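Visitor:
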Amino acid sequence: MSATVSLFKTGKTGFVRSREIPVLFGNHGVTLHGKVLLPAGAGVHNPVPGAILCHGFGAGHKAMESSALLLANRGIAAIVFDLRGHGESGGVLDDGCYEDILDAYQVFTALPEIDESSIALIGHSLGAFSSILAAQKLKKKPKAIVALSCPADVESKVLAVSSFRALLWLRKVIGWFWSLTMRYSGLTVRINWKKFLGVWAKAKISVALSDLGECAKLFVFCRDDTITPYRRFSRIFDKVKGNKKQIVTCGTHSTPIEAEILRFEWVGWTVSALTS
0 MSATVSLFKT GKTGFVRSRE IPVLFGNHGV TLHGKVLLPA GAGVHNPVPG
50 AILCHGFGAG HKAMESSALL LANRGIAAIV FDLRGHGESG GVLDDGCYED
100 ILDAYQVFTA LPEIDESSIA LIGHSLGAFS SILAAQKLKK KPKAIVALSC
150 PADVESKVLA VSSFRALLWL RKVIGWFWSL TMRYSGLTVR INWKKFLGVW
200 AKAKISVALS DLGECAKLFV FCRDDTITPY RRFSRIFDKV KGNKKQIVTC
250 GTHSTPIEAE ILRFEWVGWT VSALTS
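In numbering that gives the first Met the number 0, the protein residues as written are 0 to 275.
Okay, structure coming up:
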């Protein structure tokens, strides 16, 4: 892996030098493209906490890059990458999206500059959903989870009931409708609708969160988000045990990764969770 040097503005102290390392990785038959951002001072003899940032459906690593830069400015290394079926990464979006995060965890924590005992998984929408599922699979649980605009458990009988063949055609109709909507919106995602909808039907975020033990958990929602309404998630949040916090503020689905003030808030929480 070759490293380049990046300069980014801090707002107070001018510019800070960071290292940007392009990465290619993947152990589940899919090649993923991304980059690692190492803060100034990170090294073999000074490993730093790290954060794995995962974008939402139809987006790409650039959607999370501003947040990654902000974390690097606060001394937290970060990795951003395109999930399968998105951007420069290979494959199609299917039922294995969480595997991409497991692969990112493996390549990220293998770097000598990273303190594996202090890792956060951060995701927006699909990325939040997949990050929680990935955290459940990890033998060594992350120190923190940040779920931005996270979907709740699927309650739709059309998606959830896989034992009735008569309903399977409805999944195809839903996939066809979403494909048209994506094309109209200009989104380009390579996707296997049958597998993708299948994992959303089977996965239970509530169960996955209960398996994370003492991992610190932050959930960020916006009141005008019609894609992942916070009220649907409130029942799950009430059952989550241990160190947890929920932020509900003004905005829409993408506000947590676009609004600077809100981004500063959850980044600050992440830094505190990883360094305390």
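Built from N, CA and C at the ideal position, the CB exists for glycine as well.
Only a predicted model underlies this, so the values are computations on that prediction, with no experimental measurement involved.
For Phe232, report the span of its beta strand (DSSP E) as first-last.
Guide: No beta strand (DSSP E) holds Phe232; the alpha helix (DSSP H) holding it covers 229–238.
Visitor: Take Trp265 as the anchor and find which of Phe232, Ala67, Gly84 has the nearest alpha-carbon.
Guide: Checked all of Phe232, Ala67, Gly84; the closest Cα to Trp265 is Ala67.
Visitor: In the DSSP assignment, the alpha helix (DSSP H) including Pro255 goes from what residue to what residue?
Guide: Note, Pro255: alpha helix (DSSP H), 254–257.
Visitor: By how many angstroms is the C-alpha of Arg222 removed from the C-alpha of Lys138?
Guide: Rounded to whole angstroms, Lys138 to Arg222 spans 35 Å at the Cα level.
Visitor: So, are the CB atoms of Phe24 and Asp114 less than 8 Å apart?
Guide: no
Visitor: Among the candidates Val29, Ser116, Val153, Gly126, whose CA atom is the shortest distance from the CA of Gly90?
Guide: It is Val29 whose Cα lies nearest to the Cα of Gly90.
Visitor: In whole angstroms, what is the alpha-carbon distance linking Tyr97 and Phe220?
Guide: 21 Å
Visitor: So, using beta-carbon positions, are Thr227 and Ser148 closer together than 8 Å?
Guide: yes
Visitor: Can you have a look at Ile118 and say buried or exposed, based on whether 16 or more other CB atoms are within 10 angstroms of its CB?
Guide: buried
Visitor: Pick out the complete beta strand (DSSP E) segments inside the segment 89–166, 3 residues or longer, and give them in chain order.
Guide: 113–123, 143–147
Visitor: From the DSSP secondary-structure annotation, give me the bridge partner or partners of Phe24.
Guide: Beta-bridge pairing by DSSP links Phe24 to Leu31.
Visitor: Report the option in Pro48, Gly55, Leu31 whose CA atom is closest to the CA atom of Ala39.
Guide: For Ala39, the closest alpha carbon among the candidates Pro48, Gly55, Leu31 is that of Pro48.
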